[in-house]
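These protein sequence lines are chains A and B, in that order. Be aware that the first sequence starts at 133, since it is given in the working numbering, and climbs by one per residue. Be aware that the second sequence starts at 7, since it is given in the working numbering, and climbs by one per residue. Please read the structure below before turning to the comments.
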Amino acid sequence: MSTAALELMTGGESVAWAMRQIDPDVFPVYPITPQTPIIQGFAKFVADGKAHTELVNVESEHSAMSAAIGSALAGARTMTATSSQGLALMAEVVYIAASMRAPIVMALGNRALSGPINIHCDHSDSMLIRDSGVVQLFAENAQEAYDLTLIATRLAERSDVLLPVLVCQDGFTITHSAEPVELLSDDEVASFVGEYEIPHPLLDPVHPTSQGPFAMPDYYFELRRQQISALEAALDGFDELGHEFEALCRRRYRAVEPYRLDGAERVIVALGSTAGTIKDVVDELRDEGQRVGLLRIVSFRPFPAQQLASLLPDAATAIVLDRAASPGGAAPLFAEVAAALVGARVTVTGHVYGLGGRDLHPEDVREVFAGRGQQYVGLRGEPCPD
Amino acid sequence: MSRLKNLVEREAGLPPLAGGHSLCQGCGVPIVVRTVLNTLTSPVVVVNATGCLEVATTRFPTTAWNVPWIHVAFENAAAVASGVESAQRALRRRHALPSDEDVAVVVFAGDGGTYDIGLQALSGALERGHRFLFVCYDNEGYMNTGIQRSGATPFGASTTTSPSGLESFGKAQQRKDMTAIAIAHHVPYVGQAAASHWHDLSQKVERAAAADGPAFLNVLTNCPLGWGHEPRLGVQVLDAAVNSCFWPLYEVVDGTYRVTCEPEEIVPIEEWLRPQARFAHLLRSENAQIVEEIQRRVTSEWEALLNRCEGGVPA
């Protein structure tokens with residue numbers, strides 16, 4: 133059992149600390165708010181000799197992910213970090229990283245996409261690469277950002293997965309907010325993550341491989357299907373690692389976290405730090421005798437559709453809170469939940485909230501539970517000035 | 007070692023790039039790749055930008071490569087190489103790779119993946135000082151997608167996106183001087199070579215490989231399809247590029263310029279233009295002024311280069 137140390141840390145600091153403990157071989161870095169505390173913190177660890185990593189100060193996020201692919205496939209454990217526009221710029225290569233099965237761990241400080249340019253949290257950056265084939269795990273707080281970074285390293289490198297894993301934490305709300313974080317010792321982390329090993333490292337001149345070839349209609353579909361299977365396999369992989377991690381530090385991670393679902397009639401489904409607010413409101417409403425609960429999605433990709441469907445009580449109403457919009461269509465989490473619940477005896481409703489860092493207050497959550505929430509929760513009624 | 011015997015011996019074993027690929031008859035690209043890789047004596051990892059070479063050599067599930075090879079995208083070959091090179095250094099330090107075995111990281115990219123879409127990643131990698139060799143096979147256009155104009159396409163060339171016509175003489179802009187852009191990064195080695203001059207190219211590869219830092223080679227490489235020359239005439243066409251001083255062969259080692267292969271007799275620019283269909287319209291009488299302009303510029307750039315070699319203009 134661990135002799136846990138409790139430290140006051142922001143999410144950015146906790147992730148940089150986890151990365152120092154993992155001590156990756158290569159770390160391409162490019163600054164963007166709000167993930168910069170992660171790369172700055174890590175760069176300082178390297179400068180002080182506390183991490184032994186090749187820091188590659190690339191000239192863009194596109195090059196950050198490109199260098200990460202080269203390094204991870206060469207045979208070196210590789211991490212990077214980004215946010216918002218950075219993820220948008222690297223999106224092309226994120227898809228390729230997944231298709232080349234590069235087990236890169238990337239910290240994402242979730243931030244709204246331009247325009248207008250904004251630096252605060254929503255999940256539109258994550259949703260932009262929803263279909264890229266990477267794993268996306270959403271932390272609720274700094275503790276989870278730390279823990280999930282450790283789990284992500286193992287998950288990415290599993291032989292049945294071998295995919296990039298993104299640890300998503302809400303920009304500012306988590307990246308810049310200090311809270312007590314229980315840390316594992318360096319030895320515990322080293323032993324949990326183990327050595328980096330991939331089946332066909334590029335840096336093996338004796339066994340040359342051609343990686344990233346050209347595939348035409350006769351093979352492209354088969355290769356994509358293999359990639360889809362690998363992402364699906366990450367669901368069981370995450371569950372197994374969740375158990376292993378629980379044995380280490382008593383914190384249990386699963387793809388979807390049920391919160392006070394017993395007899396629940398109205399259940400919010402949400403991602404990220406907002407779940408903390410919702411849990412408080414659920415507790416208050418439960419005290420008032422209301423049958424409400426929360427399903428927090430930790431693994432947005434792969435999406436735990438079956439687990440979600442089996443956890444939701446019969447005849448309940450699922451209220452999906454999306455922190456991203458899909459203009460002209462269904463918001464991404466809503467679409468996912470609705471698809472997971474096809475044929476179930478449940479009602480699904482949805483709201484969009486919090487775009488560009490707009491806060492979601494407990495009163496808003498109460499309104500939503502009461503069925504009085506607007507389609508866009510927290511949106512002001514008055515028009516913008518000219 | 008850059009002697010024909012050595013190159014042939016290496017090719018006779020397990021060639022780094024095997025035959026059977028689908029590059030066009032008369033294409034200059036495999037000549038460049040083989041000359042570069044057969045010159046290197048250390049193990050290599052090849053990083054390839056999207057383009058003819060990648061498409062024609064790796065149609066899944068086949069590959070023409072007998073050396074480790076990676077392709078990620080069009081614009082990022084230098085960034086991928088940065089990652090591979092950094093991985094090598096990290097693994098050496100961790101003793102996961104032998105410290106005495108140097109694996110050379112060699113990029114092959116066309117002019118699109120170098121001059122245009124790949125320029126940012128290349129500039130970043132040169133600035134960071136990674137130890138790698140970037141070889142641009144410059145065939146002066148987007149040939150893989152059907153002969154479109156690039157930043158490397160010369161003034162006056164007709165391409166599918168800069169066609170000559172009733173009111174156009176082809177590309178109206180001068181080409182970028184990519185070699186000079188690389189030199190401006192103050193890297194240890196920059197060379198300009200041509201696929202026709204194997205010995206010069208091979209010697210440059212040797213010097214590039216010895217550089218302690220980034221090395222850049224800009225290699226003029228013929229494209230029978232895009233240039234519109236007979237496949238068997240590639241070497242002659244490239245010879246004319248060198249002998250007309252359109253494409254001087256030179257290098258800059260730690261800031262010092264040197265012409266590596268001076269033409270015995272400088273030929274008029276028409277020798278370079280005439281065998282190529284993309285320039286055919288320039289040889290009509292109404293375009294005589296354009297040809298004169300090309301000649302003027304080539305002569306003045308050649309003189310400027312000679313000046314630099316004499317220490318007139320330091321790098």
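Ideal placement from N, C-alpha and C gives every residue a C-beta, glycine not left out.
In three-state terms, what does DSSP make of residue i?
i              : result
residue 347(A) : coil
residue 381(A) : helix
residue 203(A) : helix
residue 328(A) : coil
residue 210(A) : strand
residue 320(B) : Reliability fails at residue 320(B), whose pLDDT of 48 lies under 50, so the model's placement of it is uncertain and no value is given.
residue 192(B) : coil
residue 464(A) : helix
residue 88(B)  : helix
residue 140(B) : strand
residue 402(A) : strand
residue 202(B) : coil
residue 412(A) : helix
residue 102(B) : coil
residue 69(B)  : coil
residue 171(B) : strand
residue 500(A) : helix
residue 337(A) : coil
residue 425(A) : strand
Sort out for me which residues DSSP pairs residue i with in a bridge.
i              : result
residue 282(B) : Its beta-bridge partners do not exist; DSSP assigns none.
residue 302(A) : 242(A)
residue 160(A) : 188(A)
residue 264(B) : 257(B)
residue 371(A) : Bridge partners of residue 371(A): none, in fact.
residue 112(B) : 52(B), 139(B)
residue 141(A) : 311(A)
residue 389(A) : 428(A)
residue 149(A) : DSSP lists no partner for residue 149(A).
Closest Cβ-Cβ distance between residue i and chain B: below 9 Å?
i              : result
residue 335(A) : yes
residue 355(A) : yes
residue 264(A) : no
residue 202(A) : yes
residue 238(A) : no
residue 288(A) : no
residue 228(A) : yes
residue 186(A) : yes
residue 297(A) : no
residue 346(A) : yes
residue 341(A) : yes
residue 218(A) : no
Closer than 9 Å, CB to CB, is residue i near chain A or not?
i              : result
residue 407(B) : The structure shown does not extend to residue 407(B), since chain B is modelled only from 7 through 321, so no value can be given for it.
residue 193(B) : no
residue 187(B) : no
residue 76(B)  : yes
residue 49(B)  : yes
residue 39(B)  : no
residue 97(B)  : yes
residue 60(B)  : yes
residue 120(B) : no
residue 190(B) : no
residue 66(B)  : yes
residue 17(B)  : no
residue 238(B) : no
residue 130(B) : yes
Is it buried or exposed, residue i, if we count other Cβ atoms within 10 angstroms and call 16 or more buried?
i              : result
residue 300(A) : buried
residue 198(B) : buried
residue 344(A) : buried
residue 141(A) : buried
residue 353(A) : exposed
residue 474(A) : exposed
residue 236(B) : exposed
residue 104(B) : exposed
residue 257(B) : buried
residue 210(B) : buried
residue 281(A) : buried
residue 303(A) : buried
Next on the checklist: Ignoring anything shorter than 4 residues, give me the alpha helix (DSSP H) runs that lie fully in the segment 7-55 of chain B, in order along the chain.
Outcome noted: Fully enclosed alpha helix (DSSP H) runs of 4 or longer: 10-18, 35-45.
Checklist entry - Counting only runs that start and end within the segment 254-322 of chain A, where is the beta strand (DSSP E) found for 3 or more residues in a row? => result For the segment 254-322 of chain A, the full-length beta strand (DSSP E) segments reaching 3 residues or more read 267-270, 297-302, 311-315 along the chain.
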